[in-house]
Structure formats: structure tokens, C-alpha cells
Amino acid sequence: MFSKSCQCVSPDTLKSYPHRTDEVIVAVALELHRLHLLKMQHGDIKFDNIIITEKNGVFDVKFIDFGFAYNIPGLARIITGKCEYFPPERTETTDQTQVVAQFNQDIYSFGFMLEFAKKIIKIPEKFNDFIKATQNKNPTLRPGLQSFLYKNLLPTTLNNRSRNVIIKRPDSYQTMRVIALTGDDLNHALNHVPQFESCYQKLTELNLSQQACIHKVLNNITGFNQSYLCLKAIRDETQQVYQEVKAELGSESQIHDLSNRFKQYQSQAMQAAFDYLMAKEPSLQQLTEQLSQRKRRYLGRYFAHPMMQNRRAKRDDYKPSAVRVTQRYVP
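Sequential numbering of the sequence shown, starting at 0, is according to numbering that gives the first Met the number 0.
Shown next, in the form of C-alpha cells:
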């Protein structure tokens, strides 16, 4: 039995979310569409090959078992014997040569999976026409995922421009969903995808990818880009001092304790510096006090350690330098 946090998609999975079945189906379609944009046919779409996780109330889907995957354009193997979820052109052909791999073969298998699920659980009626069309024996008459997603993407408040962006950049949209962007933040990110991707990468590097930080950055992308080098310098400076303190400790237990305390210190120090740099009316005095308090709280015992006497790391000015913080580096 899989946990809800990570499990194979199945009728039982859909039963676990009776009021969110459409979200699960759209999440699977979105990931399959992303795979197709990479010019790859999965070739073996079935319940057991789809893993779903839930984070921040959002479903994230990944496919596994790429044993039948093909690059497009390419050739696919003919399957001998009965395999109901495979399209007929791969199982009923009399030509024993390889057949051309097509995205619509995945569409057939996806639709077959949903048709099977309908026998066990209630699937929203809005999907019925799509499911029926996927089972067409003529591959060219099967529907595409772009039109399906354009019609069914959630939330329903998305405008047409945002829907077009999502269909072109499903990977970026999935990142936005997993970090729970909603409302104006989601629309702003979709309207500035390259800037969002760049800023999110920088925030992740700085361990500042919390939703509150992302909200501030989306409302002041220019300000964040101007502050990035400063924040990076602060992170590097605190890391350097950590290495110096660590070098003076002899026992593994002390090093382990220092590591845990330093992670908490650095996280809060970086957050304080970020808030200062992104504030409309920053207070340098408040920042200095915050950094000093966090130093004493998390690292005070190590600065009082006898072996740290007269060492550089014992200097009372060990904190992200207030002078450095006030400098505005422009990339």
C-alpha cells in the first residue's frame, strides 16, 4: 500500500481524492505533454508506470519504466500477443517490421487507462468525449493533449495567454504549482517565465525559496537581481567562518552540533538580510540587532570556547557585515 505522498496512479488513488479526480487526470496529461515536447514517446502508459506525489495541495506526476520509450521521429516495436492498452497499430499489424512511433499511441493508452478507471470510480463527464476519441483505431483521428489541456487546465481563472504559456512551458508551470503560486503571483510568473526561472534558481541557491520570498521577488524582480550578489557574498562569508570554527573543534559531537546550529543561524541570517534588501524602508539598526541576536543564540557557545580565544572567528563583528549588506551590487 503506497502512502498518499508518493504512490502509483490507480483507480484506488483516484478514490482517495473523490473531489479532485479532474486534478489528477490533468496532472497526468500535463506530464505526458511535457514528455512529448521533449520529442519522446513513453510507449507504455499504464497505471503502474505513473507515480504521483502531493505537495502543497498540488499533484506532481512522473512516469517510470521507459523500456518502450522512443525518440520521435523513430520506430516502435510491434507487440506480439494481446495487450489491450496498446494501440491496435502496434498489436494487430501483419507487417512484422517496426512501425513508426507516434505520440498518438500514448494518447490511446492514456485514454484506455481512463476508460478502465470509469468502471471502478466516477470520472467527470467532461472527459467522456476525449476518452472516447482516444480509442479511435485511426491514429490520425485521436485528439491531442494541447487542446485537452487548454480546455481543462486548473485553476479555471487562468486567462488565455496564461494557458498558452503553460502549454508551451509545462515544466515551468509545474514548478510554479509545486511551490503553491496562486492568484496574482501565478499570473505574474506566467507573464515573465524567463525572469521567474532565473530568480527561482537564485533563490534556491541561497536557500530562500520559501513562498514569502518568492512573493517579494515577483513584486520587485529588478531589486532582487541588484541584491543577488550581495546576498551571495553574505552566504559565502558565513560559510567561510563556519569552516574556521569547525577546524578548531576536535570531537565529532561538537562538529555535528555546530553544523546543526550553523544551518539554523545561516538560514535566519540570510532571511534577515533578504528582508532588509527587499524592504521599501530598510532599517540598518534593526538588521544589525537581528544578526547579533542570531549569532548569540545559535553560535554563542562556540565563540566562548577556550580554543577560540584570539581567533578571527571570535571577533565580535562576526556576522554578515552591515557595511556589506548596504552595498548594492548590480550584476
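Don't be surprised by glycine CBs; every beta carbon is placed ideally from N, CA and C. Owing to the predicted nature of the structure, the values given are computational and were not obtained by experimental measurement.
**OP:** Would you please state the rounded distance, in angstroms, between the beta carbons of Ile213 and Ile165? I believe it to be under 8 Å.
**Re:** Going by Cβ atoms, the distance from Ile213 to Ile165 rounds to 18 Å, so no, they are not a contact pair.
**OP:** Just grab the DSSP bridge partners of Met39 for me.
**Re:** When DSSP reads this structure, Met39 sits in a beta bridge with Asn70.
Original post:
How many angstroms separate the CA atom of Ile71 from the CA atom of Asp43?
Top reply: Straight across, the Cα-Cα distance linking Ile71 with Asp43 is about 15 Å.
**OP:** Would you mind reading off the limits of the alpha helix (DSSP H) that contains Thr52?
**Re:** Here Thr52 belongs to no alpha helix (DSSP H); instead the beta strand (DSSP E) covers Ile49 to Lys54.
Subject >> Burial state of Ser108 (16 or more Cβ within 10 Å) >> reply: Counting of Cβ neighbours within 10 angstroms places Ser108 among the buried residues, the total reaching 16 or more.
**OP:** Look at Ala68 and Gln104 and say whether their C-beta atoms are less than 8 Å apart.
**Re:** Going by C-beta atoms, Ala68 is not nearer than 8 Å to Gln104.
Original post:
Between Gln101 and Pro154, is the Cβ-Cβ spacing less than 8 Å?
Top reply: Pro154 is positioned such that its CB atom lies no closer than 8 Å to that of Gln101.
**OP:** Mind checking who Lys61 pairs with in its DSSP beta bridge?
**Re:** As DSSP reads the structure, Lys61 sits in a beta bridge with Ile50.
Original post:
What span of residues does the alpha helix (DSSP H) with Phe111 cover, start to end?
Top reply: It spans Phe102 to Lys117 - the alpha helix (DSSP H) in which Phe111 sits, taken as one unbroken run.
**OP:** For the alpha helix (DSSP H) containing His255, list its first residue and its last residue.
**Re:** Judged by DSSP secondary structure, His255 falls within the alpha helix (DSSP H) whose first and last residues are Glu251 to Met277.
Subject >> Top-ranked residue by Cα proximity to Leu180, from Gly56, Pro17, Val25 and Thr52 >> reply: Of Gly56, Pro17, Val25 and Thr52, the smallest CA-CA separation from Leu180 is found for Gly56.
Subject >> Every unbroken alpha helix (DSSP H) inside the region 118–177 [4 residues or more] >> reply: Within the region 118–177, the complete alpha helix (DSSP H) runs of at least 4 residues are 127–133, 144–151, 159–167 and 169–177.
Subject >> Gln308, buried or exposed, once every other Cβ within 10 Å from all chains shown has been counted against 16 >> reply: Note that Gln308 scores 47 on pLDDT, short of 50, meaning its location in the model is unreliable; the coordinates nonetheless yield the value given after this. Exposed is the call here.
**OP:** List the endpoints of the continuous alpha helix (DSSP H) containing Cys198.
**Re:** Annotation: the continuous alpha helix (DSSP H) that includes Cys198 extends over Val192 to Glu204.
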